[in-house]
Each structure stands twice: as structure tokens, then as C-alpha cells.
Amino acid sequence: MKRFFLMFAYSFLLLNLACQPTPEVEFVVNKGDDVVGEKLADSTQAETATERQQQTFPDRWDEGPLVVNERLTLTVQAEVIQKPDGLYPVYRTRQHGVTQEEVVSLVERLLPPPTSETIPVDTKADWTRSYQEWLDDLAEQQAWVAAGKPQDGVERDEVMMSAAEVDRISKEYQRLIAEAPDQLETTPVSDYSGLKLNEGARVYTLTNGTRATVDAMADSSFVSVGVFKGCSGAGYIYYQYTHDRERELGEVKPFLTVKMAREEAEEKLHKELDRLGFGDFTVSRAAPANLCAMGRNDGTRPLSAGWGFQLRRSYGGYPLSHVSFMDSRALIYGDEENTAYNRPIPDEMLEVFIDENGLQALRYLNPKDVVAMESENVELLPFEQVKMRIRNAMVAGIGASKLDQAIPCTIYRLLLTTCTVRVKNSDDWYEMPCWVVFFTWNDGQATLRDNPQIMQEALILNAVDGSIVHAEYGY
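Be aware that the sequence shown starts at 33, since it is given in the numbering used here, and climbs by one per residue.
Structure below.
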């Protein structure tokens, strides 16, 4: 598939932005050169002959505010996050088409054998148990508040629900209990061989007397395999930050207090990852969470309190972002009518829920095969060139949007991590070192930085050739 890199002209240098008027900048499309391939070949030859050199960058970049033009005032107050060892490998990967046999093998490693299967519907007993757990949690919080909120080392929500909120949730539970079936229609099974891709979730009763929900979907663009212990409905991980945000917006859902320490949860997590063969995945985000099941009429049933983890491959120890980001839609990247579009590359991720009993849920999205290491330490652009490319991109992007008023833009973080880009004339991918440039458009947006509920805006540059990495215009 043809790879389209959007690049900026080298001839436009913003060396004196603060004191000189800035001309308009146009995007220049890469005409088919292969700077990345050439640098990969050069670095491979160099590695066989001489000792690899570390590549380090400043810890910070501070600049401005600079009145760039009538549309943009740019301030840089950015920490620069990079690999501690200064070595930047490049791996070749490709999409992994998961098979039924692989799904069955993973499920067998996570669950004991089944005795029966059924469709995912919560029974009266399920909803009654969940309701009682919520009442117990509420009573514990009320007793803690009545005692003057003593410091006992347990993290609790200090904001009490109103009587109206408690009454509404209680009535919702009572409705769900009344409408739920007394029991499920089941089919006897002795293994997971009947588990099929793309046939929806299945609830299994296990030999240890518990239940678990399993779902597996796979097509040419998306793969998802999920296993949720204790669930008799579609399982998901409900993070405390999501719960807190929904409360701010007036939507109150039941949430069980998380008493487990993160350190204990991470210790259990890494033991399970090693056992399951996911030892090369690294935590990018962790937060207190509940394991929940969606029941009849989409009621939310919390099952357990613990920690939710989102993990990604680190590809040799690259730092990972603890917040979600995407290429900013606020920047204009060129002539949209005449731009070739690529299908976005699916993001590989592992999501795991851990409670005091260990791993209770796992979802694996878009598996990849690591084919080879293309370079142990590819040559990156010097930092002065990186800064120039960033300035040019911001000027061109905001200039093309033709806004009528000046916008203050603050760059607050540079992260040198990996992004997946296409290999020229191939269906393979490179896990390529890239600069992720986090920014906000005005002072009011500063409060949204590092908010896990907010998709952060970013400009993404290939750290090897300086081209823009964009999901739609082509990696």
C-alpha cells in the first residue's frame, strides 16, 4: 500500500520568529524518497562495524511567547521525555490474524474447564448479589463519614451520594431484579472447542462453580478477544476516573470502593503476564477500577473492586504515554480534496483487571507479530531540526485553517516514543521512533492536560525523517 508522508519545505526556517514577520508555509508531499529505509540500512552497517552511539536530547524546551503571525502566538514550556539509554531500535511488525485455535488456547490458560455454556443474561440471583454488595459498600462509607472520616489508609470517595441518588439507584436495582430470569437455559460442554469467532459472547459455567464471559471478534481491520471472570453478562472495566467524571455530569452509577494498593495489583499483574506469554508488554496506564457486567436492559452490575491496567509493547524500552492522544484535528495538514487516504493501522493493546484474587479480566486488541529488529539504533534528526519541523507544522497547520483571530498555543510536552508506520511497498509496519508533541490551544485548556478522560491533541513527527505521522493522510 502506497505510503504518503506529508513534509514541510526545508527552505522555510523559523530562526527569528519573535522579531521577523513570518511568511505562509505550504505542505510539501514526499515524492517517494526513502530516507527511513536508507537510515535503517546505514545504521545496520554501522552497528556491525563500530559501537553504537547514544543519542540524547535536552530535558526541556522553553521558548516564547512568540507572535508568529496574525493567527498564532506560540509558547513552548515542554518537558522532553526520551529513552534513558539513548538507543532507538526499530522493529518490523505485521498484523496477526487470530485463529479460533489461538483464542481457545488463551481461554484455556485463563479459565478452568467448563461444564455448560449459555447466552449472557444476568439472573435474579446475580442482580440481588450485586445490589447487596452495593448496599454494603454504601453502608461502610456512611459509617466512615459518621465517624469523622478517620485516616485508615483506605481510599474512599469523600463525596456522599444524596438521598435522591441512593433512592434512584436502589429502584433501578429493584427493577432489574424483577425483570431478570430465574435461571438460564444452558448447553452441556466439557471444553472450549465450540467457541467460534464473530458469534457473540458466551457465558460458561466452570468446574469450580463460577462463571465467565468470553467473546472473540476478528476481521481484516479489528481483532478483540475478551475473557471476564465472574460475569454472566458482557464484561468491561469501569475506571474510577470515568465514574468521577460521570458524577460531575450528573450520571451516578454504583461503584465499589477500591481498597487494594497499586503495588500489590502490579505484582500480581506481572506474574500473570509472564505466565500467559505477555511479558514484553508494559503498563501505559493504571487506575482504580471495578469489573462490571452489562445486564438486561443495559443495567450496570459491579462485580469486584481492584485495578485496571492498559498495556502496550515497549519495543526495547521506549517511554509510553500515560494519556491517550491522537493527531490533532485542529491542524490542517494540506489539501484534503486531493489527498490520498490510508486505512488507519489498528492499535495493539492489552487491558487487564486485577483484584485481590488475581487476574479477573483480560481483553487483547489487534495482536501483532514482531517480525524482526530492523535496526538496533537508528539515526534520529538533531534536536534543532526537530524544533524547526515542529514550528513549521504549527505555523502551516494553523495558517491553513484561516482563523480570523490569533490563538495562543502552548506546547507542554515532547514524548519520544514509537508509533506504527507503514513500510514502503509492503504490508508490514515499522515501530518507528516518533516525537509526540502535546499542546493546548488556550490557557483554559491547561486544566485538561493529563486528564485520562480527554483525548489529548498532538502533532506527531517521525523522528528519523521529520515527516508528519497522521492516521488518515497516511503513516
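Quick reminder that beta carbons are idealized off the backbone N, C-alpha and C, glycines included.
Rounded straight-line distance, which links the Cα of Phe313 to that of Leu299: With the sequence shown as reference, residue 299 is identified as Glu, and Leu is not the correct amino acid for it. Their backbone Cα atoms lie some 14 Å apart in a straight line.
Comparing C-alpha positions only, which one of Glu296, Ser225, Gly429 and Ser353 sits nearest to Val135? Considering only alpha carbons, the answer is Ser225.
Residue interval of the beta strand (DSSP E) (run including Lys400): Segment Lys400 to Ser407, the beta strand (DSSP E) holding Lys400.
Anyone know if the C-beta pair for Thr21 and Thr107 falls short of 8 Å? Residue 21 lies beyond the stretch modelled for the chain, which goes from 33 to 507, so this question has no answer here.
Straight-line gap, Val410 to Trp461 (C-alpha atoms, nearest Å): For the pair Val410 and Trp461, the Cα-to-Cα distance works out to about 16 Å.
Three-state secondary structure (DSSP) of Leu167: In this structure, DSSP gives Leu167 a helical state, which the three-state scheme calls helix.
Just tell me which of Gln109, Arg92, Tyr236 and Gly241 has its CA closest to the CA of Leu98. Taking only the C-alpha atoms, the option nearest Leu98 is Gln109.
Would Leu489 be called buried (16 or more neighbouring beta carbons within 10 Å of its own) or exposed? Residue identity differs from the one stated: residue 489 is Glu in this sequence, not Leu. Within a 10 Å sphere around the beta-carbon of Glu489 sit 16 or more other beta-carbons, which makes this residue buried.
Would you please state the rounded distance, in angstroms, between the beta carbons of Pro286 and Trp473? I believe it to be under 8 Å. With a Cβ gap of about 37 Å, Pro286 and Trp473 do not count as contacting.
For Asn322, which beta-bridge partners are listed by DSSP? DSSP, once it has assigned bridges, lists Tyr270 and Ala337 as partnering Asn322.
Quick check on the burial criterion: 16 or more other C-beta atoms within 10 angstroms. Buried or exposed for Gln114? Answer is buried; the Cβ neighbour count reaches 16.
Val496 versus Cys466: straight-line alpha-carbon distance, rounded: Spanning the two alpha carbons is a distance of roughly 8 Å.
Less than 8 Å between the CB atoms is what I'm expecting for Gln392 and Lys261, so what's the real figure, rounded? Contact between Gln392 and Lys261 holds, since their C-beta atoms are separated by about 5 Å, short of 8 Å.
Considering only residues of the same chain and omitting the five flanking positions on each side of Val355, which have a CB-CB separation below 7 Å? For Val355, the CB contacts under 7 Å within the same chain, skipping 5 residues up- and downstream, are Asp482, Pro484 and Gln488 in chain order.
Which runs of the beta strand (DSSP E) spanning at least 3 residues fall entirely within the region 195 to 261, listed in chain order? Whole beta strand (DSSP E) segments, 3+ residues: 234 to 238, 243 to 250 and 255 to 261.
Outcome for Asp251 when other beta-carbon atoms lying within 10 angstroms are tallied against a minimum of 16: Under a 10 Å Cβ-count criterion, Asp251 is classified as exposed, with fewer than 16 other Cβ atoms of the shown protein chains found around its own Cβ.
Just how far apart, CA to CA, sit Ala293 and Trp159? Cα to Cα, the separation comes out at about 28 Å.
Given Asn101 as reference, the closest of Cys451, Ala171 and Pro440 once Cα atoms are compared: Per the Cα distances, Pro440.
Helix, strand or coil for Gln342 per DSSP? If DSSP states are grouped into helix, strand and coil, Gln342 belongs with the strands.
May I ask you to list the residues that DSSP assigns as paired with Ser148? According to DSSP, Ser148 bridges with Pro220 and Thr237.
Quick one: measure Cβ to Cβ for Leu397 and Val290, integer angstroms, because I've assumed they're closer than 8 Å. Contact doesn't hold; Cβ gap of about 24 Å is too wide.
State the beta-bridge partners of His128 as determined by DSSP. Its beta-bridge partners do not exist; DSSP assigns none.
Look up Phe357 in the DSSP assignment and say whether it is helix, strand or coil. Strand.
Cβ separation of Asp214 and Lys156, assumed to be a contact under 8 Å, to the nearest whole Å: Confirmed, Cβ separation roughly 6 Å.
Going by C-alpha to C-alpha distance, which of Leu288, Ser137 and Leu447 sits closest to Asp387? Ranking Leu288, Ser137 and Leu447 by Cα distance to Asp387 puts Leu288 first.
In angstroms with no decimal places, state the Cα-to-Cα distance between Thr274 and Val198. For Thr274 and Val198, the distance between alpha carbons rounds to 19 Å.
Tell me whether Arg375 sits in a helix, a strand or coil according to DSSP, three-state version. Here Arg375 carries a coil assignment [DSSP, helix/strand/coil].
Beta-carbon gap between Arg333 and Cys324 smaller than 8 Å: Between Arg333 and Cys324, the CB-CB gap stays under 8 Å.
When burial is assigned at 16 or more other CB atoms within 10 Å of the CB, is Asn389 buried or exposed? An exposed status is given to Asn389, since fewer than 16 other beta-carbon atoms sit within 10 Å of its beta-carbon.
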